[in-house]
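Below is one structure, written out as structure tokens, with a few remarks after it.
In UniProt numbering, the protein residues as written are 1 to 347.
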């Protein structure tokens, strides 16, 4: 008997909260060739953690950099700590001013406001109905679709917000307030925009994305590691990452990433042998992707020769050399093994 039980993927856990059985006898819709389907529902409690992705309602997305104790968070003059600190670069970079407007309106709705109609209704409140000239704290308000609050209305509402229980108005008419450092207690040098806005937790959790690889499957054509956690692939080191390494002058690190850690088939076995024996790592060879490029140029009837710095022709070996086969045999590596997956199979 062979065990064909369905198991939870590696690294995951949870509590089974439901099981449903679908069958053709019950006239359930099933894929072609499937007579019966059992669906198991597994629930998990996911507390928010560093690296999880959050987003507002205006495309203002980002990942959590650090979660601090509440006593270390900046706080208002009455001691109220802020919940989330957003980087100000996220506003001009994405040009979504709606998040600022939502923050201001959220503060107005939380604090409540009162327009002194005895002195006459100001111009900015002309569009407000009479019942909205005064609102209690934590009021539920909304604006018409495609007809949101104007700048003058925002400033007017912020200037009419109700004081807190101590009789203080914490946020000025410009929507900013003085914050104090949670660790030192000293005020920050400049006022900060403070308000209320909706923040949603996205289905991009760091626990699902964390991944590490030592060795694994390689692509059949390029001989580079596959991509993605599901394929047990490697970490992509793209063009711009190479530029960053060049800017830092990390030549040896860049050479290692582009050769023995990628598609230098001979070099990676020799490096493995050197690590096992405790010897120095040999110099990398020619990446397989470069050989594929030469083959494609030859298919266009272009004969390309590789020359060294002194003008001597460099011989590109076809297949594996004797040293590689010997090292692979000693280390128990099967160079002719079938790959578990390839980019072509997954496409």
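Backbone N, C-alpha and C fix where the C-beta goes; we use that ideal spot for every residue, glycine too.
Closest by C-alpha distance to residue 265, out of 284, 255, 251 and 142, is 284. Under DSSP, the beta-bridge partners assigned to residue 55 are 61 and 200.
Sequence-distant Cβ neighbours of residue 28 in its own chain, meaning closer than 8 Å and more than five residues away, are 22 and 37. In this structure, residue 54 sits near residue 199, with a CB-CB distance shorter than 9 Å. For residue 241, the enclosing alpha helix (DSSP H) starts and ends at 239-248. Taking C-beta atoms under 8 Å as the contact rule, residue 135 and residue 112 qualify, at a distance of about 5 Å.
When the alpha-carbon of residue 107 is set against those of 69, 172, 133 and 59, the nearest one is in 172. In this structure, 176 is the residue among 163, 230 and 176 with its C-alpha nearest to the C-alpha of residue 154. Residue 216 has its alpha-carbon roughly 16 Å from the corresponding atom of residue 271. As a beta-bridge residue in DSSP terms, residue 23 pairs with 36. The Cβ atoms of residue 309 and residue 289 do not sit closer than 9 Å to each other.
Beta-bridge analysis with DSSP links residue 41 to 18. The UniProt domain "RNA polymerase Rpb2" (233-307) contains, as complete alpha helix (DSSP H) runs of 4+ residues, the segments 239-248, 251-258, 265-277 and 288-299 (chain order). The secondary-structure analysis by DSSP pairs residue 313 across a beta bridge with 307. Taking C-beta atoms as the reference points, residue 197 and residue 76 fail to come closer than 9 Å.
Take residue 110, set aside five residues on each side of it, and the residues of its chain with a beta-carbon closer than 7 Å to its own are 137, 138 and 196, in chain order. Residue pairing by DSSP places residue 12 opposite no residue, since no beta bridge is assigned to it.
The C-beta separation of residue 14 from residue 40 comes to about 10 Å, leaving the pair out of contact by the 8 Å criterion. Between the alpha carbons of residue 302 and residue 314 lies a gap of roughly 17 Å.
Around the Cβ of residue 231, a 10 Å sphere holds 16 or more other Cβ atoms; the residue is buried. Using a Cβ distance threshold of 9 Å, residue 115 and residue 128 count as a contacting pair.
In this structure residue 124 is buried. Its beta-carbon is surrounded by 16 or more other beta-carbon atoms within 10 angstroms. Distance from residue 46 to residue 205 at the Cβ level is roughly 6 Å; contact confirmed, criterion being Cβ atoms closer than 8 Å.
Beyond the five residues adjoining it in sequence on each side, residue 293 comes within less than 8 Å, by CB distance, of no other residue in the same chain.
With a beta-carbon spacing of about 7 Å, residue 100 and residue 193 fall inside the 8 Å limit used to define contacts. For residue 215, there is no enclosing alpha helix (DSSP H), since its DSSP letter is neither H nor E.
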